[in-house]
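Mapped onto my numbering, the consecutive letters of the sequence shown carry residue numbers 283 to 416.
Yeah, the Cβ is synthetic: ideal placement off N, Cα and C, and Gly gets one too.
The structure presented is a predicted model; accordingly, all values stated were derived computationally and were not measured.
Okay, so here's the structure we're looking at.
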Amino acid sequence: MPSTLRSAAAVLFLSAALLVTGCTNEPPAYYSGSTSAGPVPLEAAQRAERFRTAGGEEAIQGVDSKGEAEGVPRVVVWSKDTESDAEHFEKLKPALIDFLEEKEGLKTPKGYLLDMYGGDGKLLHRLDARRTMP
Numbered sequence: 283m284p285s286t287l288r289s290a291a292a293v294l295f296l297s298a299a300l301l302v303t304g305c306t307n308e309p310p311a312y313y314s315g316s317t318s319a320g321p322v323p324l325e326a327a328q329r330a331e332r333f334r335t336a337g338g339e340e341a342i343q344g345v346d347s348k349g350e351a352e353g354v355p356r357v358v359v360w361s362k363d364t365e366s367d368a369e370h371f372e373k374l375k376p377a378l379i380d381f382l383e384e385k386e387g388l389k390t391p392k393g394y395l396l397d398m399y400g401g402d403g404k405l406l407h408r409l410d411a412r413r414t415m416p
């Protein structure tokens, strides 16, 4: 068998194996592949204003919690900060989620997904906080 034919057969075999096993290089459905965000939508800016008025962090410029992915809410946050360390994010998360649940009616019995973007539009944090149900 010529080497070109062997190579084609190998590629075909590997492709078939991937199809059968379900393995792909595709990201999860909730992950858009984008690590940047556009401008803050008006409704997200209004929600952020309510969050700040309720005592939330001043740097938060937008909060969108209308989306859903993989059966849980997808929360997108815009901050005017261009950097955010893990400690800062860990402090923000509970206050934000509590606000969304208590004041905005967000339901998170199975958890949530959260993306936080900085003032330059770049992804600062991506969190998968889904819970497994008993």
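In the DSSP assignment, find the beta strand (DSSP E) that holds residue i and state where it starts and stops.
{"i": "K362", "result": "From DSSP, K362 is part of no beta strand (DSSP E); its letter is neither H nor E."}
{"i": "L346", "result": "Per the sequence shown, the amino acid found at residue 346 is Asp instead of Leu. 342 to 351 is the extent of the beta strand (DSSP E) around D346."}
{"i": "D380", "result": "Run containing D380: none in the beta strand (DSSP E); it sits in the alpha helix (DSSP H), 368 to 386."}
Near residue i, what residues of its chain come up, given a Cβ to Cβ distance below 8 angstroms and the 5 sequence neighbours on each side ignored?
{"i": "N307", "result": "In this prediction, N307 scores a pLDDT of 34, lower than 50, which makes its location untrustworthy; no coordinate-derived value is stated."}
{"i": "G403", "result": "S318, A319, G320"}
{"i": "E365", "result": "G400, L406"}
Is it buried or exposed, residue i, if we count other Cβ atoms within 10 angstroms and call 16 or more buried?
{"i": "R329", "result": "buried"}
{"i": "A326", "result": "buried"}
{"i": "P391", "result": "exposed"}
Who are the Cβ neighbours of residue i in its own chain at under 6 angstroms, not counting the five residues just before and after it?
{"i": "Q343", "result": "V322, A330, W360, K362"}
{"i": "A341", "result": "S361, K362, D363"}
{"i": "R408", "result": "D397"}
Cutting at 7 angstroms between CB atoms, please list the residues of its own chain near residue i, excluding the five before and the five after it.
{"i": "Y313", "result": "Summary for Y313: the model assigns pLDDT 48, below 50, so the residue's position carries little reliability, and this model does not support an answer."}
{"i": "D410", "result": "L395"}
Can you find a CB in chain D that lies within less than 9 angstroms of the CB of residue i?
{"i": "P376", "result": "In the structure shown, chain D cannot be found, because there is only a single protein chain."}
Given the structure, does residue i come close to the ligand ZN, in the sense that its CB is under 8 angstroms from one of the ligand's heavy atoms?
{"i": "G349", "result": "By its list of ligands, the structure shown contains no ligand whatsoever, and the ligand ZN lies outside what it can speak to."}
May I ask which residues mark the beginning and end of the alpha helix (DSSP H) holding residue i?
{"i": "R334", "result": "324 to 335"}
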